[in-house]
Every structure is written in C-alpha cells, then in structure tokens.
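Here the sequence shown stands for residues -35 to -1, 1 to 643, where the numbers follow mature numbering (1 follows the signal peptide of the UniProt record, and there is no 0). By construction, the Cβ of each residue, glycine as well, lies at the ideal position given by its N, Cα and C atoms. Notes follow the structure.
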Amino acid sequence: MPAAQIRSRATRKRTLSIFIPTVLLLFSIPSSSLAANTLTQGGPAVNSSATLVSPNGLFTLGFRRSAAGSYLGIWYINATSSFFWIANRDFPIRDESGSLSLDQDGTLKLTYSGGGGAAVNLYSDSRRRRLIATLDDTGNFAVSDVDSGDSLWQSFDSPTNAWFPGMKLGLVSGENRKVTSWLTESIPAAGAFTLEWDPTAGKEELVMKHRGVTFWTSGKQLTPNRFTNLDLRLQRVNYNVSRVVAGPNSDYLTFRASTNEYSSTNQLSFTVVRLRYDGVVEDVSTRIVILQSEDCHGNGTENGCRRWDGPDCRRSGDGFQILWGTFSLGQWVDGNSNMSISDCKEQCWRNCECGGISLDGVNRNGTGCRYFRSGGFVQLPNQEGEDRYHVMIAGESQADTSNASRIKWIAVSVTAAVAVLIFALCILWFQRRCKLRERLLAELMATNAPSDGDEMGDDGDQSHNLKIYSAASIMIATDSFSPQNKLGEGGFGPVYKGKLSEGREVAVKRLSKRSDQEVSTFQVKTLSLCACGSLTHNTDETKRVQLDWNKRFNIIEGIAQGLLYLHKYSRVTIIHRDLKVSNILLDENLNPKISDFGMARIFKTNTSEANTAKPVGTYGYMSPEYAIKGTFSTKSDVFSFGVMLLEIVSGKKNYNLIPLDPPIDLVEYVSYELYSYY
C-alpha cells in the first residue's frame, strides 16, 4: 500500500494557503495513495516531525511541546499557539518520542520512548476490519470502516476545552460530554471550569461550574440563539443552537454557525467556541467574549449567576480587581500545583484575612497561590514593571446598588406586611359583620311580641314568619330583570314586576349604579308585607268622582292601621321616614298599602327615637325636628301622615303654594286658617 502523505515539521512553520496541501499531494505521492489527512493500518505514524492536515488546511493533528511536556492534539491554523483537542492532556510526554499509529490489528494507539513507554489505546477493534483514521475540515479526527464507511471512534466524543460545530454537548448514550478548561494558560491539564448541558427535567439549561459547583446557568432555551440568561445576538455571534432528545439516555446540544465555510477569499475562517483557563467562553475566530466567570464572582445573582458560599465578612459589592501596587501586612503561600488562579481567588474569597492574590502564582508554571493579608495594599500608578494583584475591594457603585436594592426589598417587605395586615383585618371585620347580621336576623325571627290579626285586617294572613329570598330566585322571578317587566324608576333605581315560584306577584327595586345615596340606606329588611308600588292622586277625570268622602275616609283609616302596625304591633318598631301619598298603593278595591321601605329604620326594644347625620325623605313631609336636627321617631311618621291627611281631604298637593301674599304651602295655609279661626 502506498505511504500516506506526511507533512514535515519545517513545512508546518511556513504560511499555509489553500494550494499547498494540493501541490504536495500531486508531487510527493502516487495518485493511488491516501491523502495527507489520513492514517492507514500499518502505515506511517504521526510523530514530532510528521502531522496530518485536513483537506482544506483548516486543522492540523500532531505533537507539540510546552513547558509541561509534549502533547498530541488538534489545532487551528489561524491559532497555532492553542490546541482545541488533546489526546493526553493529563499525562504529557516528557520528551519528543511520542507517536500515533493505526496498527494492523485495528488499534489506534499513542506510544512514547520508542515504544518502551506505556501505550495509550485511543481505539481498539476486535472484528479486524479494514480501518482508516482521518482528520476532516470540521476539526474531527475519526476512525472509520473502509468498506461500510461507518464511524467507529472520533475525537468529538471526548471534548477537551473546545466546542466545535456539530459536536454534541450533554448526555450521549448515557455519557455526559462536557467542555473542560485548561489548568493554566500553558498547562492543558483539566482545569477548574466546565461548560455542560443539564437535561434534568424542569431545568434543561447550559451550566458553568467551578470545581463541580454551579455558578452560572443559562436558563431555558427560548429560541435557537437565545436563552433566558444568554442572548447570543447581543454577543454578535451567529449561532443556531439545537437541542436533540434521542431517548432517555441521549439529550444534548449541538450548534452550527454561518462562518464555518472555507473559501479562497476568506481563507481559514472557522467557528470554534473555547472555554479558557480563566473561565472565559469566547469565539476563537472573532475573539468575541460570550461568557466570563468574572461576572459571577462572589455575591452576584444577576443574569443567571449563583451566589458563592462565603463568610459574613463578604458582602454584596465585594469583588476582585486587577490593580498595581504593593501589600505590606504579610503573605502566605500554597504551592499546590493543581491550584489555578481561579482556585486561589475562591480560597481568598472564603478567608476574611485575605485581601488579594498574586497573578503569577507560586510555581514556575504559574500554579499555586500567594495570598496577601487585607488592609495593607497601597495602590500605585499603572506602570510597566510594577507588580499586579487581584485585590479584594468593595466597588463603590456596587455598594450603592446593593444599598438601594436592600432599601427596595425592605420597602417591598413592609408594604407586603401592611397589605397582609389590612387584608386580615378586612376578613375579621367581614366575619364580625356577618355574625352581627346573623344575630340581628335571629332577633327579627323571634316571635315574642305577636300582633293582633283582628286589628290588622280581615284577611287573617298576617304571619310573623320572615321570608328570605336568594338572588337566584329574584332573577328567576323578574326574568333576569327583563325590560318588559320594568314598572318604573325612582331615585334609587328601577322597579320590576316579578312572580315568585308560589305564584305570588311582587315588585322588586334594584339598586341603581348611578345613585349617589349611601349604600347603607339600602340595608333594610322588610318584616311585613304592605304591598309594593306607588299610589298617586288620580288625575283621570272619569275616575276622580270615585273618590268620594266615604272612600277617602277608608283610605285614611287603612293608612292609619298600617302605620299603627309598623309602630306598635310589628315584632320590632319600624319608622318609614318617607311616608307620602306617592308611597301609598291602592288595590282593585281601593284598599291602601304602605310601600317603598327603602329608607325605613328598625328600632330595637326600649328605643323610642334616634338621630342621623343625614336626614332622608321628602321635604314637605318631614317633621321639623327631623329636618333640622336629624331626630326621628314614630312621631316623624305621624307628622308625615298628617300632611297626607291634609292632601287627601283638600285634594291639593303640599308643595303647591297657595296664592297669598306671600305664597304659602298647604301646611302653613291650614295652620294660618286655624289660627285665624280661633
């Protein structure tokens, strides 16, 4: 089999173009050989002097040295200083003996020290198929079956610090795939930060963690490029993030970007999302920062941040800033080589004595922590050569915001407490009012003061049982207050004709929303039926002759009997307060009935008079003490009865003035005549 095209290390240092891989392919290998992006079984290996390059020259797979050792990884041509996938991130090779090969038995393995070191098998095939390993222009290095084309293993299944378009982030076949930062800027070992997809029911969100503790969440996905706490449009990156749910063991995110197409006019343009060692998530090609851990350090809870657990000495507004200066109150160190700068900041946050940390660490590779005691920092002007520190300070604007927020929450809490108290008092008042009404109703239902039916009339139907009607029964009786049943309308509202379930016809007055009277004036109970409606003086000339003196006398007597019943023989004393001719009804036999008890008042036992701040009724029928002082009693109704008596006898209305000099009303006229007579 022809040898695979291997690019030399010297060639890699030259500027790449779209034509170089093609030219090398045409002049260096036979036409039947495999391309320079492919490893074949038993073929040449990738080593310190040989690499694989993707077809369009976007990505390179090979070995590179750093301060910690040699690593096998994939890097992007336009970012030659950084790996985006590393096969041996946690076990670097100490020399340049590393080699990646695809053996005849189908094993993709990493060896070093000329094969004497321990081999790391990236993939092993037990079926002895014909295999190849290729690096494509998506940045994925994959082992596939030559005959079927099936992919058997790929680097996308083991992410390191980068998320590629098409790479799955989340739960895939029961395995949680996540992106993990480097330990430091130069050490690819697994660092402190991870970017993960949490498919847990009710969450379904991207999360960033520091040492396994969540400190930021994206919230639920709203659109392909927007989450509750992350709007990719504002970061000016054109990503479309898709969620894929493929059974109970697969729930992951993948994304695509509009800038991942290779072209000769925009060579090597590709989108890769990288999680840096310091917790910054960035778009590699544009250097646009999508997220940064600094936004969620300490007490912040905005935009998806989670509050850190810390001592009472750390208050809202505290945080780290990079400043030039010196510390003078002492220091202490922690030489742990697994501690990154972010770990040092967290430990300082949890220690009230710590006022800052060194940016350079303790060890030569930048790991470890150097802590400084709080209170001894002297800030100096920004100058080259001066030492820089992460200094714990309370930003003034942050503190002001914190105080304003605290005042706001106090105000909201006090307002809520007052509202709850008022609501509770309203409930107690309503319950007390209901109990009072029930007690009064029980008193009204009492039958300890019966009336004489013989004195009240000949029909003998003067029961003391109080009937209470529900709103539903009234609606049925009046056909939902149908306009066809409307009898008339007064100052308090319209009156409707209704028919009860037992067949009895009634009149129902409905409160008008336009009424400016107090609602309390309608809170009355009718204890005895004196009919309903309105009686007015007959103006029809053909019927006026029917009201002879005998009929007028009977009407006067009937009104007097009704008034006597209300004042004396009812279970409680009732003061009508609006007795007038228009509130007297006549049936077909001209029997009078007192009506319109809208302003009536009930007197309890042993009560003879009462006062009101707002007299109600009709002027001309009010007694002087009621109209002037607000004092009313049974005598008030008697005065009104007297005015009606004068109107019935004289056939004149009280409010029509007598043409004298000066003009006077009916009551004044009768008083004047009697005075003159005697």
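By the 16-neighbour rule on beta-carbons within 10 angstroms, D216 is buried. Three or more Cβ pairs closer than 8 Å define a contact, and the stretch 91 to 99 falls short of that threshold against the stretch 134 to 149. Pairing Y88 with I255, the inter-Cα distance amounts to about 34 Å.
Between D308 and A157, the CB-CB gap stays under 8 Å. In the three-state reduction of the DSSP assignment, Q526 falls in the helix class, which pools H, G and I. Secondary structure at M587: coil, using DSSP grouped into helix, strand and coil. Under the three-state reduction of DSSP output, M440 falls in the helix class. Contact between the stretch 238 to 248 and the stretch 120 to 140 is present: three or more C-beta pairs spanning the two stretches fall below 8 Å. In the DSSP assignment, Q286 falls within the unbroken beta strand (DSSP E) covering 283 to 292.
The beta carbons of S13 and G63 sit closer together than 8 Å. When secondary structure is reduced to three states using DSSP, S78 falls in the helix class.
It is roughly 7 Å from the alpha-carbon of S601 to the alpha-carbon of M587.
Taken in chain order, the complete beta strand (DSSP E) segments of 3 or more residues contained in the stretch 288 to 337 are 296 to 299, 319 to 323. When the alpha-carbon of G167 is set against those of E150, W181, Q186, K174, the nearest one is in Q186. Taking 8 Å as the cut-off, the beta carbon of F342 is found closer than this to the beta carbon of G320. Sixteen is the threshold: since fewer than 16 other Cβ atoms of the shown chains lie within 10 Å of the Cβ of G616, the residue is exposed.
Residue range 599 to 615 is occupied by the alpha helix (DSSP H) that includes D602. DSSP, read as helix, strand or coil, puts P276 in coil.
For V546, the three-state secondary structure derived from DSSP is helix. Contact check for Y36 and F48: beta-carbon distance about 7 Å, within the 8 Å limit, so the pair qualifies. With contacts defined by Cβ atoms closer than 8 Å, L73 and V11 do not form a contacting pair.
By the Cβ neighbour-count rule, W181 is buried, with 16 or more other Cβ atoms within 10 Å of its own. If you look at M173, you'll find it in the beta strand (DSSP E) that goes 170 to 175. The three-state reading of DSSP puts G453 in strand, counting E and B together. Distances from the CA of V210 to each of F192, E169, W40 were compared; the closest alpha carbon is that of E169. N12 sits in a strand when the DSSP states are folded into three classes. Taking the C-beta atoms as reference points, N53 is found nearer than 8 Å to L75.
F518 sits in a helix when the DSSP states are folded into three classes. Judged by beta-carbon spacing, F192 lies beyond the 8 Å limit of L160, meaning their Cβ atoms are not closer than that value. By a beta-carbon distance limit of 8 Å, N194 contacts G269. Their separation comes to about 3 Å. Taking C-beta atoms under 8 Å as the contact rule, R338 and L294 qualify, at a distance of about 4 Å.
Ranked by how close their Cα comes to the Cα of I322, the residues G331, T380, I306 have I306 in first place. Annotation: the continuous beta strand (DSSP E) that includes Y88 extends over 85 to 88. Excluding five sequence positions before and after R517, the CB atoms of its chain that fall closer than 6 Å to its own CB belong to I613, given in chain order. Judged by their CB atoms, D260 and V202 are not nearer to each other than the 8 Å cut-off.
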